[in-house]
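J.:
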Amino acid sequence: MDRTVICCVILASLTSLSCANEFESGVKAFENENYDLAVEQFSKAISASPGDPGAYFYRGLAHREKKAFAEAVSDFTHAIRFEPKPAACYYNRAIVYHAMQDFENALKDMDECVRLDPENSLVYAGRGSVLLDNQEFEKAEAGFQLAIRLDPEQAAALNNLAWLRATCPVNRFRDGEEAVVLATKACELTKENGQLVLSTLAAAYAEAGDFRKAVKWQKKAIDMGEKDKEFLIRAKRRLVLYENGEPYRLGRAGIAK
């Protein structure tokens, strides 16, 4: 889920907290990927200021990273209740629903986010990701294309449209050459920092028939994602396909590479 390119905070309109020390400690712990400590510090902030959305929001982010999805949904729901400009809260709750494969609620939240922030390209990229996982390929394609029109350097949309072009089981959506162009641009924009964009580039080369490069980039993706066990299982399976001269075709939950 990462997808790191689409799990960022898209609005920073959260209100100030009366217990700034605990909140700031929580943010630092979150940035250092110490999610247990982050949850602890944000919980203290909530106890001191239970009607303030900021700590709920960031505790939700920490719970999401811990894959404590029910707790994350609860925290984002509280943040929505108290936050006057809740687009970021809806977006991040949608990301959690997406990870739970609750596509119906994920799309509801993404639709609300579109209503609240209609010019934000990341919202359309995220919504397209949900649609892609739900096998709604035409709508997903349109969402990615709209995101790119709004922001030609929207790395999430470029990456995910490349993934659709490289791996979709429906022939008319695939285009290996376009996939390589899109994935290459996504890698350039992210400075090749992330196993998911590298994995997409590998899939694109495989669809284009260049299995030597597909193997090269998939191995780099595996090296970069060595701490992500779920990713490694899938990535190593695709590496075997590329080594055997076969492209990858996505199934259910297609965006999870």
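Here the numbering used here = 1-based position in the sequence shown + 80.
Ideal Cβ placement from N, Cα and C applies to all residues, glycine included.
Is it buried or exposed for Ala100, if we count other Cβ within 10 angstroms and need 16 for buried?
T.: Classification for Ala100: exposed.
J.: Under a Cβ-count criterion, where at least 16 other Cβ atoms within 10 Å of its own Cβ denotes burial, should Arg229 be classed as buried or exposed?
T.: Result: exposed.
J.: With a CB to CB cut of under 6 Å and the five nearest residues on each side skipped, what residues in its chain are close to Tyr170?
T.: The answer, listed in chain order, is Asp189, Glu192, Cys193.
J.: Are Val295 and Glu323 touching if we call contact CB-CB under 7 Å?
T.: The answer is yes: Cβ separation under 7 Å.
J.: Between the Cα of Ala205 and the Cα atoms of Gln215, Cys248, Ala222, which residue gives the shortest distance?
T.: Residue Ala222 is the option with its Cα nearest to Ala205.
J.: Beta-carbon separation of Asn172 and Phe156 under 7 Å?
T.: A contact, by the Cβ cut-off of 7 Å.
J.: Looking at the unbroken alpha helix (DSSP H) that takes in Tyr322, where does it start and where does it end?
T.: Taken as a continuous stretch (DSSP letters only), the alpha helix (DSSP H) holding Tyr322 covers 309 to 323.
J.: Please report the distance separating the alpha-carbon of Ile302 from that of Arg314.
T.: Straight-line Cα distance between these residues: approximately 10 Å.
J.: The alpha helix (DSSP H) spanning Val203 covers which residue range?
T.: Per DSSP, Val203 belongs to the alpha helix (DSSP H) from 201 to 213.
J.: Considering Cys99, what are the terminal residues of the alpha helix (DSSP H) in which it resides?
T.: From DSSP, Cys99 is part of no alpha helix (DSSP H); its letter is neither H nor E.
J.: What is the DSSP secondary structure of Leu330, counted as helix, strand or coil?
T.: Coil.
J.: Alpha carbon to alpha carbon, how far is Asn239 from Val260? Give it in angstroms, no decimals.
T.: Rounded to whole angstroms, Val260 to Asn239 spans 10 Å at the Cα level.
J.: Taking only three categories from DSSP, how would you classify Thr270?
T.: Here Thr270 sits in coil by DSSP.
J.: Since Ser129 contacts Arg139 with CB under 8 Å, what's their CB separation in whole angstroms?
T.: Between Arg139 and Ser129 the Cβ distance is about 12 Å, and since that is not below 8 Å, they are no contact.
J.: Per DSSP, what kind of secondary structure is Gln298 in: helix, strand or coil?
T.: DSSP places Gln298 in helix when its eight states are reduced to three.
J.: Look at Phe110 and Ala125 and say whether their C-beta atoms are less than 7 Å apart.
T.: Cβ distance not < 7 Å, so Phe110 and Ala125 don't count as in contact.
J.: How long is the line joining the alpha carbons of Thr247 and Gly106, rounded to whole angstroms?
T.: About 39 Å.
J.: So what does DSSP say about Asp132, is it helix, strand or coil?
T.: Of the three classes helix, strand and coil, the one that applies to Asp132 here is coil, per DSSP.
J.: Provide the residue span of the alpha helix (DSSP H) that contains Arg195, from first to last.
T.: Looking at the DSSP string, the run of the alpha helix (DSSP H) that includes Arg195 is 183 to 196.
J.: Spatial neighbours of Val277 within its chain, please: CB distance less than 6 Å, with the 5 preceding and 5 following residues excluded, ordered by chain position.
T.: Within the same chain, Val277 has close Cβ partners Asn239, Ala266, Cys267, Thr270.
J.: As a quick exercise: from Asp308, Gln298, Glu306, pick the residue whose alpha carbon is nearest that of Val320.
T.: For Val320, the nearest C-alpha among the options comes from Gln298.
J.: Less than 6 Å between C-beta atoms, sequence neighbours within five positions excluded: which residues of the same chain meet that for Leu241?
T.: Excluding residues within five positions, the ones whose Cβ falls inside 6 Å are Phe224, Leu262.
J.: Alpha carbons only, please: which of Leu312, Glu163, Ala152 is nearest the one belonging to Ser279?
T.: Closest by alpha carbon: Leu312.
J.: Please tell me whether Leu349 and Ala220 are closer than 7 Å, where the distance is taken between their beta carbons.
T.: This structure cannot settle anything about residue 349, because the visible part of the chain is limited to 81 through 337.
J.: If you compare alpha carbons, which of Glu306, Asp290, Val250 is closest to Arg329?
T.: The candidate whose alpha carbon is nearest that of Arg329 is Val250.
J.: For Arg318, does the count of other Cβ atoms within 10 angstroms reach 16, so buried, or fall short, so exposed?
T.: Result: buried.
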